[in-house]
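Taking it in order: structure first as structure tokens, then the write-up.
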Amino acid sequence: MEQKKIIEVPNMVWAFNETDVDTKPLLIKSLKNGKSRFGWSSKNEHNLLREEWSENHSKQFFLRQIKPGDWIVHINTPSSGECMTAKVISEYQYDKGLDCGNGRVDFRHCFEIDKESLVKFNRKDPNVKPNVNLFPRRRCQRVYKTREFAESIENILNNEVTLKNRQRREDYHLKSETDKFLKEITRKIHEMNRSKEFEKFLYEVFQSIPNVYPNRNGFGFRSDNGADLFVTIDNSLDFEQRIIIQAKSYEGNHSSTVVVNDIKRAFETYEECEKAIIITTGERTEELEDAISDYSDECGKEIELIAGKEVAQFAIKHAPEKVFNL
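Taking our numbering, the leading residue of the sequence shown gets 873, the next gets one more, and so forth.
Below, the structure is given as structure tokens:
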């Protein structure tokens, strides 16, 4: 398996926008040879390393802020909507520049770049997060979302994001950003609903699902024979399915397979049940998944696992008022 390419989050990201179509081939060649360049620099007096320099060009002094480890993006290069970006490996330099024809020399402001880091992409590529603003506003601008920029370049290099037909890039990345909160919500559910309280929490969530009728099975007052809850699903076709629910308020990785023994005991006691659902606030593990799969094959009955952030998804989908003040 090819190792995933990782991009370190830069301290700063800078975007250059060159509008002169005739000079873009020269800039591209320079990038491929290991130098990023900025224009408006044809005379010796434009050298920002001089002790004295023209006040007329003071707006370019930001170039001295660019440091090794930063990234530079050339917007609309090689063509409209496309970008070329690379990691900076030198301080600001001022060299002989590029011969732009008709005796004109320009683009003497320059930085050495890591040629191996050079990436070309479309700024609306689904791998680019929408909050990485690469819409050109001026000849140079800062890209402030540096973490999201690094993640976007990683996505491009690893071809991470392939959207389905009509799926919006903005929707995909919004879900990607908010997904990290689900694990924290599950952790809070665990903290606030330990042991039998988690069973009660799930009972109330199931109560919110149309055509689903949960039944309590003890809540600690008597042996539950491996079934913390039952839920009956009525599909309005004279058919009801009764499902065993085993609830585990668990912290960390759920590698213990004792819960599978509970399900086995429940199936032996409640033979009419053809399905079981294990719901754990712990993170799913291979040990648990393998034990569930092995016993499911052995008994010929379906066993579903809802674990980790999926608990938050389940609660938010069916009973959001139990999680949020709405």
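In this text, a Cβ means the ideal position worked out from N, Cα and C, and glycines have one as well.
Whole beta strand (DSSP E) elements within the region 963-1008, 3-residue minimum:
If we require 3 residues or more, the beta strand (DSSP E) runs fully inside the region 963-1008 come out as 981-984, 991-994.
Checking 7 Å against the spacing of the C-beta atoms, do residue 985 and residue 1015 come in under that value?
What you label residue 985 is simply residue 113 of the sequence shown in a count that begins at 1. What you label residue 1015 is simply residue 143 of the sequence shown in a count that begins at 1. Here residue 985 is not near residue 1015, since their CB atoms are 7 Å or more apart.
If you measure between the beta carbons of residue 1024 and residue 1001, is that distance less than 7 Å?
Mapped onto the sequence shown, residue 1024 falls at position 152. Mapped onto the sequence shown, residue 1001 falls at position 129. Yes; because the gap between Cβ atoms is below 7 Å, this pair is in contact.
Starting from the N-terminal side, write out each stretch of the beta strand (DSSP E) that is 3 residues or longer and does not extend beyond the region 885-927.
Positions of the beta strand (DSSP E) runs, each at least 3 residues long and wholly inside the region 885-927, are given as 885-889, 907-910 in order along the chain.
Reducing DSSP to helix, strand and coil, say where residue 1101 ends up.
Looking up residue 1101 in the sequence shown gives position 229. DSSP, read as helix, strand or coil, puts residue 1101 in strand.
Between the Cα of residue 1084 and the Cα atoms of 1058, 1072, 1112, 1100, which residue gives the shortest distance?
On the sequence shown, position 212 is the one that residue 1084 refers to. Of 1058, 1072, 1112, 1100, the residue nearest in Cα terms is 1112.
If you run the structure through DSSP and keep just helix, strand and coil, what is residue 1058?
Numbered from 1 along the sequence shown, position 186 holds the residue referred to as residue 1058. Secondary structure of residue 1058 (DSSP, three-state): helix.
Among the residues of its own chain, which have a CB less than 7 Å from the CB of residue 1004, if the five just before and after it don't count?
Within the sequence shown, the letter at position 132 stands for residue 1004. Short of 7 Å from the beta carbon of residue 1004, and not among the five residues preceding or following it, lie these beta carbons of its own chain, in chain order: 1015, 1017, 1020, 1021, 1024.
Just list the residues that DSSP pairs residue 1190 with in beta bridges.
Counting from 1 along the sequence shown, the entry for residue 1190 is found at position 318. DSSP lists no partner for residue 1190.
Can you list, in chain order, the residues of its chain with a C-beta nearer than 6 Å to that of residue 1033? Leave out the 5 residues immediately preceding and following it.
Here residue 1033 corresponds to residue number 161 of the sequence shown, with the count starting at 1. Residues of the same chain with a CB within less than 6 Å of the CB of residue 1033, apart from the 5 flanking positions on each side, are 998, 999, 1027 in chain order.
Helix, strand or coil at residue 942 according to DSSP, with G and I counted as helix:
Counting from one through the sequence shown, the residue named residue 942 turns up at place 70. In the structure shown, the three-state DSSP call for residue 942 is coil.
Candidates 1088, 1125, 994, 1037: which alpha carbon is nearest residue 1118's?
The count along the sequence shown starts at 1 and reaches residue 1118 at position 246. Cα-wise, what sits closest to residue 1118 is 1088.
Give the list of continuous alpha helix (DSSP H) stretches no shorter than 4 residues that lie fully inside the region 1148-1172.
List check, alpha helix (DSSP H) in window: 1158-1171.
Among the residues of its own chain, which have a CB less than 7 Å from the CB of residue 1121, if the five just before and after it don't count?
Here the question's residue 1121 lines up with position 249 in the sequence shown. The beta carbon of residue 1121 sits closer than 7 Å to those of 1062, 1065, 1066, 1067, 1070, 1153, all from its chain and outside the five residues before and after it, given in chain order.
Measure the alpha-carbon distance for residue 1092 versus residue 1077 and round it to whole angstroms.
On the sequence shown, residue 1092 is found 220 positions in, with the first residue counted as 1. On the sequence shown, residue 1077 is found 205 positions in, with the first residue counted as 1. Here the model assigns residue 1092 a pLDDT of 41, short of 50, so the residue's position is not dependable, and the following value carries that caveat. Taking the straight line joining both Cα atoms gives about 19 Å.
Helix, strand or coil for residue 933 per DSSP?
Position 61 of the sequence shown, counting from 1, holds the residue named residue 933. For residue 933, the secondary structure class from DSSP, reduced to helix, strand or coil, is helix.
What did DSSP end up calling residue 1016 once you bin it into helix, strand or coil?
Locating residue 1016 in the sequence shown gives position 144, counting from the first residue. Coil at residue 1016, not helix or strand.
For residue 932 and residue 944, what's the separation of their Cα atoms in angstroms?
What you label residue 932 is simply residue 60 of the sequence shown in a count that begins at 1. What you label residue 944 is simply residue 72 of the sequence shown in a count that begins at 1. Looking at the backbone, the Cα of residue 932 and that of residue 944 are separated by about 15 Å.
Where residue 881 falls, given that 16 or more other Cβ within 10 Å makes a residue buried:
Stepping through the sequence shown from its first residue, residue 881 is reached at position 9. Residue 881 should be labelled exposed.
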